[in-house]
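Reading the sequence shown from the start, the letters are residues 1 to 198 in UniProt numbering. We treat Cβ as the ideally placed atom computed from N, Cα and C, and that holds for glycine. First the structure, in the form of structure tokens, and then the observations on it.
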Amino acid sequence: MGNSPGSTIDTIVVLHSWSPSSWCHRLKKFFNNQSRFSLNTEEMSTETTVKASNWRLVEVGRVVLVNKGQYKGKLATIVEIIDHKRVSFRLRERRERERVCVCALVDGPTTGVPRQSISLAHVVLTPLTYSVPRGARTATVAKKFTAAGVSEKWAQSSWAKKIAQRETRRGLSDFDRFKVLVLKKQQRFAVKKALAKA
Numbered sequence: 001m002g003n004s005p006g007s008t009i010d011t012i013v014v015l016h017s018w019s020p021s022s023w024c025h026r027l028k029k030f031f032n033n034q035s036r037f038s039l040n041t042e043e044m045s046t047e048t049t050v051k052a053s054n055w056r057l058v059e060v061g062r063v064v065l066v067n068k069g070q071y072k073g074k075l076a077t078i079v080e081i082i083d084h085k086r087v088s089f090r091l092r093e094r095r096e097r098e099r100v101c102v103c104a105l106v107d108g109p110t111t112g113v114p115r116q117s118i119s120l121a122h123v124v125l126t127p128l129t130y131s132v133p134r135g136a137r138t139a140t141v142a143k144k145f146t147a148a149g150v151s152e153k154w155a156q157s158s159w160a161k162k163i164a165q166r167e168t169r170r171g172l173s174d175f176d177r178f179k180v181l182v183l184k185k186q187q188r189f190a191v192k193k194a195l196a197k198a
């Protein structure tokens, strides 16, 4: 970023050098320009299409991937939203629930994640959801989880495949890494040879 005209730094300096009366004048001029804000009602229609968002919402039945702590890399389901920052897998006692104030409840009976409250910073929302009642018991969550085939859907996703590939590469020995290097070299040579012929 240099001091060239129009750069962000120069613009900020110019904005701060304006006087308050200059600001007011510019704002009045901007809002008095009716051509910018005119609406043509003849072109507007009463039929509008509302598209659903592609956002992954924090909701009951959303499958999450735990990315921190003891259960890192395991799936769980949001069972109850305790508050806007945390979710709960399953709370063990009522006293614990009173002590935890900013959380949601998650449960992963088939994946080995016990019912507990967890911070939303420690989970990643996956695109997978299934129907589960609010505050459902562990047995209900387990039954619905297997009936929806969440584990199979997760295993087929590219996200899970990338994680598995990363774990496989992390577990390679030095000799295995060398073999991968040689195979990649052979692949590059074969591609170059094929392109040279074409």
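Residue span of the alpha helix (DSSP H) that contains residue i, given as start and end
i: residue 195; result: 174 to 197
i: residue 165; result: 158 to 170
Top-ranked residue by Cα proximity to residue i, from the options
i: residue 143; options: 72, 54, 77; result: 77
i: residue 110; options: 134, 122, 75; result: 75
i: residue 80; options: 176, 115, 151; result: 115
i: residue 140; options: 155, 112, 107; result: 107
i: residue 69; options: 170, 113, 197; result: 113
i: residue 105; options: 73, 192, 58; result: 58
i: residue 155; options: 67, 133, 73, 55; result: 73
i: residue 56; options: 83, 124, 67; result: 124
i: residue 67; options: 133, 157, 163, 138; result: 163
i: residue 148; options: 82, 193, 176, 132; result: 132
i: residue 210; options: 150, 151, 71, 161; result: Nothing in the structure corresponds to residue 210, since the chain is present only between 1 and 198.
Endpoints, beta strand (DSSP E) assigned at residue i
i: residue 106; result: 104 to 108
i: residue 148; result: Per DSSP, residue 148 belongs to no beta strand (DSSP E); it is in the alpha helix (DSSP H), 138 to 148.
i: residue 114; result: 113 to 119
i: residue 125; result: 123 to 129
i: residue 82; result: Premise fails: residue 82 is in no beta strand (DSSP E) and is neither H nor E.
i: residue 65; result: 62 to 66
Classification of residue i by the beta-carbon crowding that lies within 10 angstroms, buried from 16 upward
i: residue 181; result: exposed
i: residue 191; result: exposed
i: residue 136; result: buried
i: residue 117; result: buried
i: residue 172; result: exposed
i: residue 120; result: buried
i: residue 189; result: exposed
i: residue 183; result: exposed
i: residue 145; result: buried
Contact with chain B by residue i, beta-carbon distance below 8 Å
i: residue 75; result: Included in the structure is just one protein chain, with no chain B present.
Worksheet item: Counting Cβ pairs closer than 8 Å, one from the region 126 to 140 and one from the region 57 to 66, do we hit at least three?
Response: yes
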